Every structure is written in structure tokens, then in C-alpha cells.
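J.: Below is the structure I would like to discuss, written out as C-alpha cells.
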Amino acid sequence: MTLRRDFIQRMLEQLGWALAGVLKLRRAGAHEQAVQQLEATATGLVGIDLRMVASVESATAAALVAEPERLLVLARLCQERAEIAREQADPLEAGWRRRAAELWLEAAGRGAPLDAEARAAVEAEPEEALSPRARTLRAALPPR
4 MTLRRDFIQR MLEQLGWALA GVLKLRRAGA HEQAVQQLEA TATGLVGIDL
54 RMVASVESAT AAALVAEPER LLVLARLCQE RAEIAREQAD PLEAGWRRRA
104 AELWLEAAGR GAPLDAEARA AVEAEPEEAL SPRARTLRAA LPPR
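Written out as C-alpha cells, the structure is:
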């Protein structure tokens, strides 16, 4: 159990450093470099191409990720990608937010706990925007 806890701790530390770098790039207006940093982080920490995640159903993307903790990381990266899209007035913002919410739901469906930020994002997503599977997963979430 200690080995797994250490693995998760290292992954979260790496995510924190990566997100700090992305935030710095965003503040400097270097959105393309921020997106590249997110893509590199997705590949490095989750082992998946972030652009591919945007092109398939959330359940399909989730099936490619073994550990629920990695799904939590992937969802957080999608949420950050949505923030970049918002700053660029990119119409794909809503799609990235929906993808993040659905990936958080997939992780929760595998037993991963959702933090307050993830839970709020999941609850903020309109029911009709979610896939049927994500609606089912959201209905199964335990109450706060």
C-alpha cells in the first residue's frame, strides 16, 4: 500500500508542477505553449494523447486509462484546457468542460473520490450535455 501511496503522491506533485507552469504561461498570454505543456503532461503522467481524448467518447478515453487516479489527473488537465479555451474565446471550451466532468465521473465510477472542485464541475455541467453513461454515473454519486 505504501508503494501505491508513494506513486500517487509523486504523480500529484508532478501534476502540481506542470499546472504551475501552465498557469505561468497563461498569465504571459502564451496559450499555445500552455496547451503544449498540457499535452506533454497528459502523455507523461497519464500515457494518453490529450488531442485524442477530445476526439473520442469519454468512456472510450477512460477505458484506455488503467488507474482511477490517472483519470482524475486527465480530467484536471481537460479542465485546464477548458480554461485556456475560455481565455481564447474558443468555442471548444464547453466540450473540454464536458469532457473533464465525464472523466471525473468515470473515475468516481471506479471508486476514486472527487474533491470539491471536481464535484462542483460535475454538478455544474448541464444534464443534457452529458452522455447517457455520464448521466448514469452522476446519478450514482453519493450525496455530499
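Each residue of the sequence shown is one higher than the one before, counting from 4 in our numbering.
Positions of the beta carbon are idealized from the N, C-alpha and C atoms, including for glycine.
Since this is a predicted model, take the numbers as computed values, not measurements.
1. What residue range is occupied by the uninterrupted alpha helix (DSSP H) comprising E90?
2. Could you tell me the alpha carbon to alpha carbon distance between A23 and S61, rounded to whole angstroms?
3. List in chain order: all unbroken alpha helix (DSSP H) runs of 4+ residues lying wholly within the segment 48-73.
4. Going by beta-carbon coordinates alone, are L133 and A104 separated by less than 8 Å?
5. Assign V68 to buried or exposed, taking buried as 16 or more other Cβ atoms, counted over all protein chains shown, within 10 Å of its Cβ.
6. In whole angstroms, what separates the C-alpha of T44 from that of G19?
T.: So, to answer that:
1. 71-90
2. 26 Å
3. 53-58, 61-66
4. yes
5. buried
6. 11 Å
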